[in-house]
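Peer 1: In the working numbering, the protein residues as written are 17 to 713. For every residue, glycine included, the Cβ atom is placed at its ideal position computed from N, Cα and C. Everything numeric in this text was worked out from a predicted model, so none of it was measured.
In structure tokens:
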């Protein structure tokens, strides 16, 4: 529980300074200036008074009540400070001091000692190396940030102190109130999950906004955000997640599933809103905090300028925002009050000479339309425009009628007072149409996800003993992959259909095996050193006779030994050649934080080139599997195009769910590719033609 951090009965500042320019002095000054009414106790053995407050030599001398300590002593002394807090009975501490893990191995050792002391003494720690925290309802500024925001409904957490101060300055400039501001620092103890869980129980928090650089426990993060989402949206910007930073991996899936993909999949699973830029983070925070979520699709654009309305319309198309089709009665009502040259369809253009009264009349009419769930009002300043009066009129309509309302009052000085009025009345204003529509799109998508009934993953019956045996055998052989034959048995153990196949150690075995399987067959090199067989000519299709077997065997061995003369060769794998079908790929890559991330896309050799793929965090439900199939650009080919019969979509859904269950059940599986999964016509099923599985250490 973190109550003492946000509403402490008393605060001790260990390392307080008489100089307000130093961190230890700034923290004391901020506690005083912020309006905190509890006890403030500077601790400094060399001072008797700091900023008009009695100072104490040790925290042991501080009188009751005190349940929060802010530690600003050098890193080397911070461990002893935590021990003293524990002895005094102070169970919450903010360690602002730097010089810990971020400074190198020596600092990391101090941080380990700090955490050990905290756990031994029952002290929860925020930080170290953090800016501190602010809780506006308590008037508490326990940080060295000079800005005290006004009270509001946004709780903000940041893994960057510098960005945090920018957020504080933005919030003050935009007139946006905060409930809490927390700088996490090194996250030695308290993490983003702790804060999300705490704020999910806080009735004063209406929106949680975050800047994240790393998530330690992905599963706990997803659970916490989903719990929070029952009453408040979670909006986050992530950094340090570029694909260039991803580790080198051998599978198609691994090469595509970088950290960025993992975050996006996890955010989708959690129901979080993912901002792509700092500007978008600010925009989303303002939109979600100031307006209710749309109750459904259907947006109307009301404007006095045609050009910006066209830009807004284009943005709607790219963001998936549907323009409302206005009822005939709405169109008739607009005709009665607007000039004849006005456009009474959506976008509704009331012309450049529109005064505030015309804006209000048109806004009230369209807001009553049953198909309108949200409204974007665009104003550009003309000679006849009344920006302030228009802002007040739009605020009245938004308050009276209830549609989600966003404003785009374009300009600067001319619309400055109008912007202030909009903010004061809870209507967010955006400088450009595209930003307003992007925010509205995020709000609509979030509202849609929140309205969905939660679904459970499909229960998959499987022979898990087969999987465990194959993994254990690979580990005993000190291999990081499952052999091809064992990978096929694992797929079969989870109910996936695979072609008849076997391993031949020489040409005679290959000819006998081909005959037993039945022609035509496919021959592949069997080697632990050949990962992508087609790249080196290690696979031959359409083998139809014993003579073809001999020719294929000789050519494969010649090519492989030429390209990889040191390769260990076990022989060749013979496999029944399957009937043609649609080729797709199902893959898994295990992310260090978020666990197995599942990929779906068109299969074959071009998957990494075309990158026509979609991702989800496991476990994947049947509905999520269908969404994945629908998201790829080539989904129309699977559903039937230009007279082609549709593929067996439900067979793909079933295969995705089975692979998801396998990856969820076995943490050992680091990466997996089924490429291709050959999908027949509707009702014909699907066969996993090639299965590759890599295991972690």
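Check whether the segment 183 to 192 and the segment 210 to 224 touch, using three or more Cβ-Cβ pairs below 8 Å as the test.
Peer 2: Because the criterion of three Cβ pairs below 8 Å is not met, the segment 183 to 192 and the segment 210 to 224 do not touch.
Peer 1: For residue 615, list the residues DSSP reports as bridge partners.
Peer 2: 603, 631, per the DSSP bridge assignment.
Peer 1: Excluding sequence positions up to five away, which residues of its chain have a Cβ less than 8 Å from the Cβ of residue 671?
Peer 2: Only 512, 602, 690, 693, 702, 704 meet the Cβ criterion.
Peer 1: Note the first and the last residue of the continuous beta strand (DSSP E) segment covering residue 689.
Peer 2: Per DSSP, residue 689 belongs to the beta strand (DSSP E) from 685 to 695.
Peer 1: Whole angstroms are fine: how far does the CA of residue 345 sit from the CA of residue 381?
Peer 2: Distance between the alpha carbons of residue 381 and residue 345 is about 10 Å.
Peer 1: Between the alpha carbons of residue 458 and residue 289, how many angstroms are there, rounded?
Peer 2: Residue 458 and residue 289: Cα-Cα distance of roughly 7 Å.
Peer 1: Nearest to residue 453 by alpha carbon, out of 434, 331, 353, 522?
Peer 2: Answer by Cα proximity: 331.
Peer 1: With H, G and I counted as helix, E and B as strand and the rest as coil, what does DSSP make of residue 460?
Peer 2: DSSP places residue 460 in helix when its eight states are reduced to three.
Peer 1: According to the Cβ coordinates, are residue 144 and residue 130 closer than 8 Å?
Peer 2: Yes, they are a contact pair.
Peer 1: DSSP state of residue 227, grouped into three classes?
Peer 2: Strand at residue 227.
Peer 1: Let's test the definition: count the other Cβ atoms within 10 Å of the Cβ of residue 348 and tell me whether it reaches 16, buried, or not, exposed.
Peer 2: Under this definition residue 348 is an exposed residue.
Peer 1: Just verifying my parser: in three-state terms, what is the DSSP assignment at residue 58?
Peer 2: It is a strand residue.
Peer 1: Run through DSSP, which three-state label would residue 501 get?
Peer 2: Helix at residue 501.
Peer 1: Measuring straight from C-alpha to C-alpha, what distance separates residue 456 and residue 222?
Peer 2: Approximately 17 Å between the Cα atoms of the pair.
Peer 1: Per DSSP, what kind of secondary structure is residue 264 in: helix, strand or coil?
Peer 2: Per-residue confidence for residue 264 stands at a pLDDT of 38, beneath the threshold of 50, marking its modelled position as unreliable; no derived number is given.
Peer 1: Residues in the same chain with beta-carbon distance under 6 Å from residue 696, minus the five sequence neighbours each way, listed in chain order, please.
Peer 2: Excluding residues within five positions, the ones whose Cβ falls inside 6 Å are 597, 664.
Peer 1: With three or more beta-carbon pairs closer than 8 Å as the criterion, would you say the segment 63 to 72 touches the segment 87 to 101?
Peer 2: In short, these stretches do not touch, since the Cβ pair count stays below three.
Peer 1: Secondary structure at residue 425, three-state DSSP: helix, strand or coil?
Peer 2: Three-state DSSP puts residue 425 in a strand.
Peer 1: When the distance is taken between beta carbons, is residue 87 closer than 8 Å to residue 111?
Peer 2: Yes; because the gap between Cβ atoms is below 8 Å, this pair is in contact.
Peer 1: Let's see if you can read the secondary structure: which residues bound the beta strand (DSSP E) around residue 708?
Peer 2: It spans 707 to 711 - the beta strand (DSSP E) in which residue 708 sits, taken as one unbroken run.
Peer 1: Given that a residue counts as buried once 16 or more other Cβ atoms are within 10 Å of its Cβ, and exposed if not, what is residue 470?
Peer 2: With fewer than 16 Cβ atoms within 10 Å of its Cβ, residue 470 is classed as exposed.
Peer 1: Determine the burial state of residue 263: buried for a count of at least 16 other Cβ atoms within 10 Å of its Cβ, exposed for fewer.
Peer 2: Confidence is the limiting factor: at residue 263 the pLDDT is only 44, short of 50, which leaves the residue's position unreliable, though a coordinate-based value still follows. Classification of residue 263: exposed, given that the 10 Å Cβ count is below 16.
Peer 1: Tell me which residues share the same chain as residue 482 and place their Cβ nearer than 7 Å to its Cβ, disregarding the 5 neighbours each side in the sequence.
Peer 2: Once the five neighbours on either side are set aside, the close Cβ partners of residue 482 are 505, 506, 509.
Peer 1: Looking at the structure shown, is residue 197 part of a helix, part of a strand, or coil, going by DSSP?
Peer 2: Three-state result, residue 197: strand.
Peer 1: Count the other C-beta atoms from every protein chain shown that fall within 10 angstroms of the C-beta of residue 393, then say buried if there are 16 or more, exposed otherwise.
Peer 2: So residue 393 counts as buried.
Peer 1: Return the CA-CA distance between residue 484 and residue 572, expressed in angstroms with no decimal places.
Peer 2: Taking the straight line joining both Cα atoms gives about 32 Å.
Peer 1: First and last residue of the beta strand (DSSP E) that includes residue 159?
Peer 2: From DSSP, the beta strand (DSSP E) with residue 159 extends over 156 to 159.
Peer 1: State the DSSP-derived secondary structure class of residue 479, mapped to helix, strand or coil.
Peer 2: In this structure, residue 479 counts as coil in the three-state DSSP scheme.
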